[in-house]
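Engineer: Right, I'll just put the structure down here and ask away after.
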Amino acid sequence: MTENEQREAAKAFAEKWQGKGYEKGETQKFWLELISTVYGVKAPVDYMNFEVQIQLSNVSFIDVYIPSTKVIIEQKSLGKDLTKGIKQSDGTWLTPMQQMIRYANAMNYDEMPRWGISCNFQEFMIFDFNNKHSEPERIRLADLPDEFHRLDFLVAKENVHIRKEVEISVEAGKLVGRIYDYIAARYNSLTPEVLQSLNKLCVRLIFCMYAEDAGIFQHNQFYNYMKNFPAKFFRTSLVELFHVLNTPISERDEYLDDELAAFPYVNGGLFDGEIEIPKFDERTVEIILEEASLSFSWRDISPTIFGAVFESTLSAKTRRSGGMHYTSIENIHKVIDPLFLDDLAEELEAILSIPQVKQRNSKLAAYQDKLAGLTFFDPACGSGNFLTETYIALRRLENRVIQSMLGEQIVLGDIANPIKVSIHQFYGIEINDFAVSVAKTALWIAEYQMMVETQGIVNMNLDFLPLKSYSNIVEGNALRLDWNSVISPDKLHYIMGNPPFLGYSMQDKSQKADILSVYVDEKGKSYKTAGKIDYVAGWYFKAAEMMQNTFIRTAFVSTNSICQGEQVASVWKPLYERFGIHIDFAWRTFKWASESFEQAAVHVIIVGTSCNNFSQKFIIENERKIIAENISPYLLDSPNIFIETRKKTLCAVPEMVTGNRPADGGHLIIEAEDYDSFVKKEPSAKQYIKKLTGSAEYINNKKRYCLWLVGVSPAELRKMPEVIKRVELCREARLGGAPDRQKLADTPTLFRETKNPDTFIIIPEVSSEQRKYIPLGFLKSDVICTNLAKMIPNASVYDFGILTSNVHNYWMRIVCGRLKSDYRYSNTLVYNNFPWCNPTEAQKKKIERTAKSILDARALYPDCSLADLYDDLTMPPELRKAHVANDMAVMEAYGFFMEPTPEHPSKWYSPSETVAALMKMYQELTEKSNG
Numbered sequence: 001m002t003e004n005e006q007r008e009a010a011k012a013f014a015e016k017w018q019g020k021g022y023e024k025g026e027t028q029k030f031w032l033e034l035i036s037t038v039y040g041v042k043a044p045v046d047y048m049n050f051e052v053q054i055q056l057s058n059v060s061f062i063d064v065y066i067p068s069t070k071v072i073i074e075q076k077s078l079g080k081d082l083t084k085g086i087k088q089s090d091g092t093w094l095t096p097m098q099q100m101i102r103y104a105n106a107m108n109y110d111e112m113p114r115w116g117i118s119c120n121f122q123e124f125m126i127f128d129f130n131n132k133h134s135e136p137e138r139i140r141l142a143d144l145p146d147e148f149h150r151l152d153f154l155v156a157k158e159n160v161h162i163r164k165e166v167e168i169s170v171e172a173g174k175l176v177g178r179i180y181d182y183i184a185a186r187y188n189s190l191t192p193e194v195l196q197s198l199n200k201l202c203v204r205l206i207f208c209m210y211a212e213d214a215g216i217f218q219h220n221q222f223y224n225y226m227k228n229f230p231a232k233f234f235r236t237s238l239v240e241l242f243h244v245l246n247t248p249i250s251e252r253d254e255y256l257d258d259e260l261a262a263f264p265y266v267n268g269g270l271f272d273g274e275i276e277i278p279k280f281d282e283r284t285v286e287i288i289l290e291e292a293s294l295s296f297s298w299r300d301i302s303p304t305i306f307g308a309v310f311e312s313t314l315s316a317k318t319r320r321s322g323g324m325h326y327t328s329i330e331n332i333h334k335v336i337d338p339l340f341l342d343d344l345a346e347e348l349e350a351i352l353s354i355p356q357v358k359q360r361n362s363k364l365a366a367y368q369d370k371l372a373g374l375t376f377f378d379p380a381c382g383s384g385n386f387l388t389e390t391y392i393a394l395r396r397l398e399n400r401v402i403q404s405m406l407g408e409q410i411v412l413g414d415i416a417n418p419i420k421v422s423i424h425q426f427y428g429i430e431i432n433d434f435a436v437s438v439a440k441t442a443l444w445i446a447e448y449q450m451m452v453e454t455q456g457i458v459n460m461n462l463d464f465l466p467l468k469s470y471s472n473i474v475e476g477n478a479l480r481l482d483w484n485s486v487i488s489p490d491k492l493h494y495i496m497g498n499p500p501f502l503g504y505s506m507q508d509k510s511q512k513a514d515i516l517s518v519y520v521d522e523k524g525k526s527y528k529t530a531g532k533i534d535y536v537a538g539w540y541f542k543a544a545e546m547m548q549n550t551f552i553r554t555a556f557v558s559t560n561s562i563c564q565g566e567q568v569a570s571v572w573k574p575l576y577e578r579f580g581i582h583i584d585f586a587w588r589t590f591k592w593a594s595e596s597f598e599q600a601a602v603h604v605i606i607v608g609t610s611c612n613n614f615s616q617k618f619i620i621e622n623e624r625k626i627i628a629e630n631i632s633p634y635l636l637d638s639p640n641i642f643i644e645t646r647k648k649t650l651c652a653v654p655e656m657v658t659g660n661r662p663a664d665g666g667h668l669i670i671e672a673e674d675y676d677s678f679v680k681k682e683p684s685a686k687q688y689i690k691k692l693t694g695s696a697e698y699i700n701n702k703k704r705y706c707l708w709l710v711g712v713s714p715a716e717l718r719k720m721p722e723v724i725k726r727v728e729l730c731r732e733a734r735l736g737g738a739p740d741r742q743k744l745a746d747t748p749t750l751f752r753e754t755k756n757p758d759t760f761i762i763i764p765e766v767s768s769e770q771r772k773y774i775p776l777g778f779l780k781s782d783v784i785c786t787n788l789a790k791m792i793p794n795a796s797v798y799d800f801g802i803l804t805s806n807v808h809n810y811w812m813r814i815v816c817g818r819l820k821s822d823y824r825y826s827n828t829l830v831y832n833n834f835p836w837c838n839p840t841e842a843q844k845k846k847i848e849r850t851a852k853s854i855l856d857a858r859a860l861y862p863d864c865s866l867a868d869l870y871d872d873l874t875m876p877p878e879l880r881k882a883h884v885a886n887d888m889a890v891m892e893a894y895g896f897f898m899e900p901t902p903e904h905p906s907k908w909y910s911p912s913e914t915v916a917a918l919m920k921m922y923q924e925l926t927e928k929s930n931g
């Protein structure tokens, strides 16, 4: 169907069903017609199932279930309020959404719903099971012709982005950016002080426009007042309005203009203090009033998302220098759900299932007090995303409590304000003054939106204004500030957030100084490796300090580099040894999306920690939850092991060494383009020229040469004047270098090292993360290996088979360092610590055969570089097949296989299971060697 055809079909469907609908008699007809006429399903009866039996405490029935797209539907009759609880057979009160959550919890894993819909024939409420603490989306039947695409997930398996508030919030952010730029252009100069005024001015304007759309002010009150003033008086009028909004009613000038006097008292510090406001031109006034105030509706923005896009009015340069990225609502829940929200939601479900009303209400009252007593701290809060979304999530739980305690009673203002959860339970630190203002405003907006939802439950008006002063978000450098000065540890329950990432090579001097000031031992001395860890590690250290001897729990979004390679021991060892932390849960590497319109595409992890062993530990990988006995700093179900550099191999295997460092100023090296002319000038030197290779040359088949003058007599050298010239230049270059290089001037004919075995395995030191295998291989003595690659002299085909296997590559990915995102292989860290298997003779011969098959498959393509052969898109089938056979042979020798199960359909260990098993082997081998 074309989009126009679909829109017309939706219009016809909406008109036909307007004002109709009875749950028992017309549910099937309604949904079959919708699916077939609007979404083009040709056999709707086969597409969806009706009255699907589900076993709860008794037998229940799901009204509609769509297996292919994992959608469950709870249908109600026309006129039923989808937000109200309905009394169940066990005495509990559940909304249709809560009913669906119960159904989902009782379903088999492979049937678990992705989406839920409750419907009363005139309205659809959509529930996202991937974000189960979010507020349902609403679509009116009358709006279906314009919004039919928001139900595309009924027939589309992919994750359709349906949230209207996201689109509104991003558009709002763009609009704020335009306002910001136009006003900025009106200032005479943009000093730091002026920029602070500009930031505050934008926050005040947006609050006014939100307030008039959301009902805090009268409808269009800001617009109707400010439209009276031409551009030349706009500035003066704003100054006067801000003053009135900051003045209590009782203290205002009794002769104020009626329109101005009608504005409420806002308080909260939002309009407190004088700010510098420039003169306005007509175009700027037009954007503020006509485009932003009158034409744009701010009511439905998400304060969580809007905080991020509002902050994105800062320059990209400012965001990059601070390492800031913005977190989507879905990813915020990846942090807060396992940290506390899942447990709180489960606790509430258990209370709601109590059939005795008196006992249930007593438990609910205690539960509400518990919610109101929890405190949350984000020490890198930015625009307040985590704090805002957590507040909203807690208030939704509280609203369920209020709704359940009231049942279907109609309250006419005869009770006090039932809300106990407050924004004053939320604390933060943020280095940027603008973000501090945005965070406070986002929390106020969230507070109002949730209060409106509560008003709908209790049928009474609650007072939102005046705002209460909110000073729990502190401006400052979180790594220099004493966190105890923001909130005392004995009052704190949870630390969370998304601190700046910034790899150690990207940090400026002040940021490096920040880390060195935090990562200190008991004597206050910086740890030796503190200068080579990511900036985010500072937050982990300070959180561990704060958690020590408490029940505080922490979860941070982080770059995955702190749980890989050499950083693991540097970051985590002090935290385990000094503070006794535990990893409670972890999300392994996943792509992290942003809700700002300049999205940050990064790969991250989430790590939840505490200084107490809390309940069941688990790891989440590819949306799959894996129960773990222990989570190591490598985010594996394995012992707490720290792989550190080792000079000798852990197992009895050939030594791996670094190649030869020329240290010659480039004079003993002959580039490919110079080779022919040099040989033509000095033909007798040809016998002393060898091929030269490092990582890049080997992988990309680049030609390079060198003079290899080992054992050449002085008499022979004197016969080659072109060679003598290069030797002399090498000597001069070394004499002009550092002291250790000056010593090499005595041997100007030679590289710094002279390793040239008959055969060797070459291991590129740097290889792309996109490759499944590091492309290592065999070379002979006619090739000189530089120090930019590793070599194993006189290695065997069996050695090659083990090292090119997925087992070794899995280990390498976890243990190795990184150069940007590429793998950086190290003999002392990766190879020397690698646990080798003890194969039977038959297993060893099998590995030798599969390894040789890899070399044979490569030989079929002599014109291709290893970069060509190991590109996943262009890898020849023969080579891929040979590698798979070798992988299985090596896995078999290690015993890394099991009987398949429904939960683990593969016979072979997964990458994480493989590395976890290798870690255990490593632990046993090190204990044996140390014992």
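If you use full-length UniProt numbering, the sequence shown corresponds to residues 1 to 931, in order.
For every residue, glycine included, the Cβ atom is placed at its ideal position computed from N, Cα and C.
Between which two residues does the alpha helix (DSSP H) containing H582 stretch?
Structural biologist: Looking at the DSSP string, H582 is not in any alpha helix (DSSP H); the run it does join, the beta strand (DSSP E), is H582 to W592.
Engineer: Kindly list the residues whose CB is nearer than 8 Å to the CB of S197, restricted to its own chain and excluding five residues on each side of it in sequence; keep chain order.
Structural biologist: In chain order, I275, E276 and I277 place their CB closer than 8 Å to the CB of S197, counting only its own chain and leaving out the 5 sequence neighbours on each side.
Engineer: So, is A211 buried or exposed, given that buried needs 16 or more other C-beta atoms within 10 angstroms?
Structural biologist: buried
Engineer: I need the DSSP call for T786, collapsed to helix, strand or coil.
Structural biologist: strand
Engineer: Does T609 come out as helix, strand or coil in the three-state DSSP assignment?
Structural biologist: strand
Engineer: Judging by CA-CA distance, which residue of K528, P96, A104 and N701 is the nearest neighbour of P136?
Structural biologist: P96
Engineer: To which residues of the same chain is E282 closer than 7 Å at the C-beta, ignoring the five residues directly before and after it?
Structural biologist: A231
Engineer: Can you have a look at G116 and say buried or exposed, based on whether 16 or more other CB atoms are within 10 angstroms of its CB?
Structural biologist: buried
Engineer: So T759 is in the beta strand (DSSP E); what residue range does that whole segment cover?
Structural biologist: T759 to P764
Engineer: Applying the 10 Å Cβ sphere with the 16-neighbour rule, what's the burial state of L860?
Structural biologist: exposed
Engineer: Alpha carbon to alpha carbon, how far is N472 from A628?
Structural biologist: A straight line joining the alpha-carbon of N472 with that of A628 spans about 37 Å.
Engineer: For E430, count neighbouring Cβ atoms within 10 angstroms of its own Cβ and tell me buried if that reaches 16, exposed if not.
Structural biologist: buried
Engineer: List, from N- to C-terminal side, the beta strand (DSSP E) runs of 3 residues or more that fit wholly inside the segment 64-91.
Structural biologist: 71-75
Engineer: Label T236 either buried or exposed according to how many other C-beta atoms from any shown protein chain fall within 10 Å of its C-beta, with 16 as the threshold for buried.
Structural biologist: exposed
Engineer: Quick test of your reading: V458 and L406, contact by CB under 8 Å. State the CB separation rounded to the nearest angstrom.
Structural biologist: 7 Å
Engineer: Can you tell me whether DSSP reads Q18 as helix, strand or coil?
Structural biologist: coil
Engineer: According to DSSP, simplified to helix, strand and coil, what is Q599?
Structural biologist: Note that Q599 has pLDDT 48, beneath the 50 cutoff, so the model's placement of it is unreliable and no number is given.
Engineer: Tell me, please, whether the segment 474-484 touches the segment 445-455 by the rule of three or more beta-carbon pairs shorter than 8 Å.
Structural biologist: no
Engineer: Just confirm the distance between the C-beta atoms of T390 and F376, as a whole number of angstroms; I'd bet it's less than 8 Å.
Structural biologist: In this structure T390 is in contact with F376, their Cβ atoms being roughly 5 Å apart against a cut-off of 8 Å.
Engineer: Among the residues of its own chain, which have a CB less than 7 Å from the CB of W483, if the five just before and after it don't count?
Structural biologist: Contacts found: P379, K542 and M546.
Engineer: Entirely within the segment 869-911 and at least 4 residues each: give me those alpha helix (DSSP H) ranges in chain order.
Structural biologist: 877-894
Engineer: Within the same chain, show all residues whose beta-carbon is closer than 6 Å to that of E26, passing over the 5 residues directly before and after it, in chain order.
Structural biologist: Non-local beta-carbon contacts of E26 in its own chain, meaning distances under 6 Å to residues more than five positions away in sequence, are absent.
Engineer: Let me make sure I understand the geometry here. Which of C381, S404, N417 and S422 has the alpha-carbon closest to that of L394?
Structural biologist: It is S422 whose Cα lies nearest to the Cα of L394.
Engineer: Report yes or no: do the segment 601-614 and the segment 885-892 share at least 3 C-beta pairs separated by less than 8 Å?
Structural biologist: Contact fails: fewer than three Cβ-Cβ distances are below 8 Å.
Engineer: Do you know how far the Cα of L195 is from the Cα of P500?
Structural biologist: 23 Å
Engineer: In terms of alpha-carbon separation, which member of P757, S805 and Y773 lies closest to C785?
Structural biologist: P757
Engineer: Give me the Cβ distance between N809 and K852, rounded to the nearest whole Å; I'm assuming they're in contact under 8 Å.
Structural biologist: With a Cβ gap of about 19 Å, N809 and K852 do not count as contacting.
Engineer: Would D782 and K719 qualify as a contact pair, given that the criterion is a beta-carbon distance under 8 Å?
Structural biologist: With a cutoff of 8 Å on beta-carbon distance, D782 and K719 are scored as not near each other.
Engineer: Select from T191, V203, Q55 and D152 the residue whose C-alpha is nearest the C-alpha of G177.
Structural biologist: Check the Cα spacing between G177 and each of T191, V203, Q55 and D152: the tightest is with V203.
Engineer: Keeping to the same chain, check which residues put their C-beta closer than 6 Å to that of N4; ignore five residues upstream and five downstream.
Structural biologist: none
Engineer: Would you mind sorting V538 into buried or exposed? The rule is 16 or more other CB atoms within 10 Å of its CB.
Structural biologist: A small fix is needed here, since residue 538 is Gly in this sequence, not Val. It is buried - the Cβ of G538 has at least 16 other Cβ atoms within 10 Å.
Engineer: Mind checking which residues open and close the beta strand (DSSP E) that includes L779?
Structural biologist: G777 to K780
Engineer: When the Cα atoms are used, what is the spatial distance from residue 954 to L918?
Structural biologist: Nothing can be reported for residue 954: it is not among the residues displayed for the chain, which extend from 1 to 931.
Engineer: Mind checking which residues open and close the beta strand (DSSP E) that includes K647?
Structural biologist: It is not in any beta strand (DSSP E) - K647 carries neither H nor E in the DSSP assignment.
Engineer: Taking all protein chains shown into account, do 16 or more other C-beta atoms lie within 10 angstroms of the C-beta of L190, making it buried, or fewer, making it exposed?
Structural biologist: exposed
Engineer: In terms of residue numbering, what span does the beta strand (DSSP E) encompassing Q55 cover?
Structural biologist: N49 to Q55
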